[in-house]
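Using full-length UniProt numbering, you'd call the opening residue of the sequence shown number 1 and step up by one each time.
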Amino acid sequence: MSKSSKAHLSYEELIEDGNTSSVDGWDFSWFEGRATEERPGWGYAKAMSDRMGKAAAGLDIQTGGGEVLAKVEKFPTLIAATESWPPNVAIATKLLGTRGVVVVVDKDEPPLPFGDEAFDLVVSRHPVKVHWQDIARILRPGGTYFAQHVGPRSVFEVVEFFLGPQPEASKGRRPETAREEAEAAGLEVVSIQSAKLRTEFYDVGAIVHFLRKVVWMVPGFTVEKYEDKLKAMHQYIQTHGSFVAHTTRFLIEARKPLHKN
Numbered sequence: 001m002s003k004s005s006k007a008h009l010s011y012e013e014l015i016e017d018g019n020t021s022s023v024d025g026w027d028f029s030w031f032e033g034r035a036t037e038e039r040p041g042w043g044y045a046k047a048m049s050d051r052m053g054k055a056a057a058g059l060d061i062q063t064g065g066g067e068v069l070a071k072v073e074k075f076p077t078l079i080a081a082t083e084s085w086p087p088n089v090a091i092a093t094k095l096l097g098t099r100g101v102v103v104v105v106d107k108d109e110p111p112l113p114f115g116d117e118a119f120d121l122v123v124s125r126h127p128v129k130v131h132w133q134d135i136a137r138i139l140r141p142g143g144t145y146f147a148q149h150v151g152p153r154s155v156f157e158v159v160e161f162f163l164g165p166q167p168e169a170s171k172g173r174r175p176e177t178a179r180e181e182a183e184a185a186g187l188e189v190v191s192i193q194s195a196k197l198r199t200e201f202y203d204v205g206a207i208v209h210f211l212r213k214v215v216w217m218v219p220g221f222t223v224e225k226y227e228d229k230l231k232a233m234h235q236y237i238q239t240h241g242s243f244v245a246h247t248t249r250f251l252i253e254a255r256k257p258l259h260k261n
């Protein structure tokens, strides 16, 4: 079992560290030595980069700080990204602007600020909400939507530690629902792959940082509001060495038909 790189810190110091560190962007390097997450075998970033290299016009939806898109080796002639959160917009613009990527501020609500059939490739890593009808609208005939989605009940061991049982959560983010909604929008689902992956947190400060960064996991989370739960979490990790949860992901590829039925 791994040990936190901050194991020498007291409970109060761990809480302070997790509560004051920057959570801007989607760079998770802060967690090094303090949490681990198993990765899906399909390698989204590499697969997405390969597709971008063959596309004429590409769009990355909800790009975060642009960290994943920045890994693309060869961009299409036309390349754009959308993001809604102002701190992430600034990070993405700085990271991607020198490579010719236009970062567009968007509220993550339809319609996307692009014309019909504007792109032959639309990608996204962990979109909060997928508006399938709008994706179908901006895809060219024969174009592809390629994305890695968060699956059902992802990291819910952490969520339910703080909030208690969440039975309704099993109904959300299901691959089967994504297939149904994509097909209802007129897209053909080429493939879906799913994975359940081990995630471990090695100190309570990493839990605090995670819940501040991924704000929808425990809505309204603050250290003060959940002080009792955080103390219990700290004690659990001290006793067991880590807190184990499971991340769920699914990879989906959908294509817009060349011709309408």
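Backbone N, C-alpha and C define an ideal beta-carbon position, used for all residues, glycine too.
Secondary structure at T222, three-state DSSP: helix, strand or coil? Position 222 of the sequence shown, counting from 1, holds the residue named residue 222. Reduced to three states, the DSSP call for T222 is coil.
Residues of its chain near V103, where Cβ-Cβ distance is below 8 Å and the 5 sequence neighbours each way are ignored: One-based indexing of the sequence shown puts residue 103 at position 103. The answer, listed in chain order, is T63, G66, A80, A81, T82, E83, V89, A92, T93, L96, G97.
What span of residues does the beta strand (DSSP E) with S154 cover, start to end? The residue labelled residue 154 in the question sits at position 154 within the sequence shown. No beta strand (DSSP E) holds S154; DSSP gives it neither H nor E.
Just confirm the distance between the C-beta atoms of Y44 and Q148, as a whole number of angstroms; I'd bet it's less than 8 Å. For this step, residue 44 is matched to residue 44 along the sequence shown. For this step, residue 148 is matched to residue 148 along the sequence shown. Sure, about 4 Å apart at Cβ, within 8 Å.
Less than 8 Å between the C-beta atoms of V150 and R173, yes or no? Reading the sequence shown from its first residue, position 150 is the one you call residue 150. Reading the sequence shown from its first residue, position 173 is the one you call residue 173. For V150 and R173, yes; Cβs fall inside 8 Å.
Output the residue ranges of the alpha helix (DSSP H) runs that lie fully inside the segment 134-211 and measure 4 residues or longer, sorted by chain position. 156-163, 175-184
Take R99 and list the residues in its own chain whose beta-carbon comes closer than 7 Å to its own, dropping the five residues that flank it on each side. Here residue 99 corresponds to residue number 99 of the sequence shown, with the count starting at 1. Excluding positions up to five away in sequence, the list reads F75.
Taking the alpha-carbon positions, what's the residue 276 to I252 distance? Nothing about residue 276 can be reported from this structure: the residues present for the chain run from 1 to 261 only.
For E157, which of P127, S242, D50 has the nearest alpha-carbon? By one-based count along the sequence shown, residue 157 stands at place 157. Across the set P127, S242, D50, the C-alpha of S242 shows the shortest separation from the C-alpha of E157.
Which partner residues does V122 have in the DSSP bridge list? Counting from one through the sequence shown, the residue named residue 122 turns up at place 122. Beta-bridge pairing links V122 to L59, Y145.
In terms of alpha-carbon separation, which member of R198, L197, A178 lies closest to S191? Here residue 191 refers to the residue found at position 191 of the sequence shown. Looking at the Cα atoms, A178 is the closest of the given residues.
Using a Cβ-Cβ cutoff of less than 6 Å, which residues in the same chain neighbour V105 once the five nearest sequence positions on both sides are dropped? Counting from 1 along the sequence shown, the entry for residue 105 is found at position 105. For V105, where only same-chain residues beyond five positions count, the Cβ hits under 6 Å are V89.
Measuring only the C-alpha atoms, how far is L187 from S170? Here the question's residue 187 lines up with position 187 in the sequence shown. Here the question's residue 170 lines up with position 170 in the sequence shown. Rounded to whole angstroms, L187 to S170 spans 25 Å at the Cα level.
Rounded Cβ spacing between R140 and F119 (contact assumed at less than 8 Å): The residue labelled residue 140 in the question sits at position 140 within the sequence shown. The residue labelled residue 119 in the question sits at position 119 within the sequence shown. Rounded, the Cβ-Cβ distance is 7 Å, consistent with contact.
Buried or exposed (CB count within 10 angstroms, at least 16 for buried), M1: Here residue 1 refers to the residue found at position 1 of the sequence shown. Legend: pLDDT at M1 = 49, less than 50; position of this residue unreliable, value from coordinates given subsequently. Note on M1: under 16 other CB atoms within 10 angstroms of its CB, so exposed under the neighbour-count rule.
Tell me, which residues are paired with V104 by DSSP? On the sequence shown, position 104 is the one that residue 104 refers to. Paired residues: T82.
On the criterion of 16 or more Cβ atoms from any shown chain inside 10 Å, does V128 qualify as buried, or is it exposed? Taking the first residue of the sequence shown as 1, we reach residue 128 at position 128. By the neighbour-count rule (16 or more Cβ atoms within 10 Å), V128 is not buried but exposed.
Length of the line joining the Cα atoms of H8 and S22: What you label residue 8 is simply residue 8 of the sequence shown in a count that begins at 1. What you label residue 22 is simply residue 22 of the sequence shown in a count that begins at 1. Those two C-alpha atoms are separated by around 22 Å.
Assuming E12 is part of the beta strand (DSSP E), what are its boundary residues? By one-based count along the sequence shown, residue 12 stands at place 12. Counting along the chain, E12 falls outside any beta strand (DSSP E), though it belongs to the alpha helix (DSSP H) covering 11-20.
According to the neighbour-count rule (16 or more other Cβ atoms, all chains shown, within 10 Å of its Cβ), is K71 buried or exposed? Your numbering for residue 71 matches position 71 in the sequence shown. Exposed, by the Cβ-count rule.
When the Cα atoms are used, what is the spatial distance from P152 to V214? Within the sequence shown, residue 152 is the residue found at index 152, counting from 1. Within the sequence shown, residue 214 is the residue found at index 214, counting from 1. Answer to the nearest angstrom: the Cα atoms are 15 Å apart.
The beta strand (DSSP E) spanning H131 covers which residue range? Taking the first residue of the sequence shown as 1, we reach residue 131 at position 131. Neither: H131 is in no beta strand (DSSP E) and is coded neither H nor E.
With a threshold of 16 other CB atoms inside 10 Å of the CB of D228, please say whether the residue is buried or exposed. If you number the sequence shown from 1, residue 228 lands on position 228. With fewer than 16 Cβ atoms within 10 Å of its Cβ, D228 is classed as exposed.
Which residue marks the beginning of the beta strand (DSSP E) containing E32, and which one marks its end? As a first step, residue 32 must be located in the sequence shown, where it is residue number 32. That residue, E32, is in no beta strand (DSSP E); it is neither H nor E in DSSP.
Compare the Cα-Cα distances from L258 to each of S49, A184, G142 and report the closest residue. In the sequence shown, counting from the first residue as 1, residue 258 sits at position 258. The option with the nearest alpha carbon to L258 is G142.
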